[in-house]
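If you read the sequence shown in full-length UniProt numbering, its first letter stands for residue 1, the second for the next number, and so on.
Below: the structure, in structure tokens.
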Amino acid sequence: MHYDPIKRTLGNVFNRTPWLRQLFYNLLDLLLLRTWHVHRELREWAKGRQNQPLNILDAGAGYGQYTYWLSGQSEKWQILAVDVKEEQVADSNQFFRQIGRPHVQFAVQDLVLYQQPNSFDLALAIDVMEHILEDVEVMTNIHASLRDGGMLIISTPSDQGGSDVHDAGEESFIEEHVRDGYNINEIQQKLRTAGFERIEAMYSYGLPGQISWRLSMKYPIQMLGVSKAFFVLLPFYYLVTFPFCLVLNWLDARGKHDSGTGLIVKAWK
Numbered sequence: 001m002h003y004d005p006i007k008r009t010l011g012n013v014f015n016r017t018p019w020l021r022q023l024f025y026n027l028l029d030l031l032l033l034r035t036w037h038v039h040r041e042l043r044e045w046a047k048g049r050q051n052q053p054l055n056i057l058d059a060g061a062g063y064g065q066y067t068y069w070l071s072g073q074s075e076k077w078q079i080l081a082v083d084v085k086e087e088q089v090a091d092s093n094q095f096f097r098q099i100g101r102p103h104v105q106f107a108v109q110d111l112v113l114y115q116q117p118n119s120f121d122l123a124l125a126i127d128v129m130e131h132i133l134e135d136v137e138v139m140t141n142i143h144a145s146l147r148d149g150g151m152l153i154i155s156t157p158s159d160q161g162g163s164d165v166h167d168a169g170e171e172s173f174i175e176e177h178v179r180d181g182y183n184i185n186e187i188q189q190k191l192r193t194a195g196f197e198r199i200e201a202m203y204s205y206g207l208p209g210q211i212s213w214r215l216s217m218k219y220p221i222q223m224l225g226v227s228k229a230f231f232v233l234l235p236f237y238y239l240v241t242f243p244f245c246l247v248l249n250w251l252d253a254r255g256k257h258d259s260g261t262g263l264i265v266k267a268w269k
């Protein structure tokens, strides 16, 4: 399934006013399990840093939901969010100006080529690496762009069923992915090749998360892929499933998993 057209449609709906876009971000924070895991790591990183002037790179920012969350934590953090999609970057710059967050800047950049040496204290690559064939080049560029002691956080599908691929003959649920998922040892080795020395990797999307993902993301996206008319039914669908998804997301984010369809990886320069 091509995910980008559905994302564009959602973006068009929620980008009509700043209030709607902020509502959209809040809904994503609740529904997307990866956000629960990423926010947990960001809160840990942020302890004691709110009053420090720091630079953050959101590499492959997409809608900008992580930049939005981070920019609300401290006005002293300068955030550069980059993406290859020009229209999305322009919309995001306009939105952040409208809500009065001048410490945020969006820019059009190709992560395979982009480097800003020794500039950032934190970098995010959330739902990014599975879309880029030249992943080691991207990791190398981010490593060069971090200051000494800087940290990179990655969220990406694993090879334990990520992208909803469980057998060799299956295709990815999201056709924009260039790989179905990473082996946990493989991604650590690639990060070492890129220059990172200290690396921590853990599984996300254990059994509770996999159930939540199907209820909150896969089935609604499949319905929207059939017809945009399902937008009318979505509020009623989520009215029933949303409470269950919240509980499942909480369980997944609180637990440690021996395997899972997602990976959360932290790497330090």
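Built from N, CA and C at the ideal position, the CB exists for glycine as well.
Query	Result
Can you list, in chain order, the stretches of the alpha helix (DSSP H) that have 4 or more residues and sit fully within the UniProt domain "Methyltransferase type 12" (57 to 152)?	65 to 71, 86 to 98, 135 to 145
Taking residue 46 as part of the alpha helix (DSSP H), name the residues at either end of that continuous run.	33 to 46
Is the number of C-beta pairs between the region 117 to 124 and the region 223 to 235 that are closer than 8 Å three or more?	no
With a 10 Å radius around its C-beta and 16 neighbouring C-beta atoms as the bar for buried, classify residue 193 as buried or exposed.	exposed
Where does residue 198 sit, in a helix, a strand or coil, going by DSSP?	strand
So the candidates are 67, 111, 73; which of them puts its Cα closest to the Cα of residue 47?	73
When you compare the region 179 to 188 with the region 152 to 160, are there three or more beta-carbon pairs, one atom per stretch, that lie closer than 8 Å?	yes
What's the call for residue 76, buried or exposed, on a 16-neighbour Cβ count within 10 Å?	exposed
Confirm, please, whether the CB-CB distance from residue 33 to residue 212 is below 7 Å.	yes
Give the C-beta separation of residue 262 and residue 119 to the nearest angstrom, bearing in mind that I take them to be a contact with Cβ-Cβ under 8 Å.	Wrong, their Cβ atoms sit about 28 Å apart, outside the cutoff.
Within the same chain, show all residues whose beta-carbon is closer than 6 Å to that of residue 92, passing over the 5 residues directly before and after it, in chain order.	64, 106
State buried or exposed for residue 269, treating a residue as buried only when at least 16 other CB atoms are found within 10 Å of its CB.	buried
Just to confirm my understanding: we take residue 31, look at its own chain, exclude 5 residues before and 5 after, and list those with CB closer than 6 Å. What are they?	216
Below 6 Å CB to CB, which residues in the same chain sit around residue 205 once its five sequence neighbours on both sides are set aside?	260, 261, 262
Given a threshold of 16 other Cβ atoms within 10 Å of its Cβ, counted over all protein chains shown, does residue 60 qualify as buried or as exposed?	buried
Spatial neighbours of residue 95 within its chain, please: C-beta separation below 7 Å, excluding the five flanking residues on both sides.	18, 21
If contacts are defined as beta-carbon pairs under 8 Å, then residue 248 and residue 195 qualify, I think. What distance do you get, rounded to the angstrom?	Not really, about 37 Å apart at Cβ, beyond 8 Å.
Less than 7 Å between C-beta atoms, sequence neighbours within five positions excluded: which residues of the same chain meet that for residue 66?	38, 58, 124, 126
Just tell me which of 258, 41, 219 has its CA closest to the CA of residue 69.	41
Our contact map puts residue 80 next to residue 139 with C-beta atoms below 8 Å; I'd like the distance itself, whole angstroms only.	Not really, about 18 Å apart at Cβ, beyond 8 Å.
Spatial neighbours of residue 179 within its chain, please: C-beta separation below 7 Å, excluding the five flanking residues on both sides.	130
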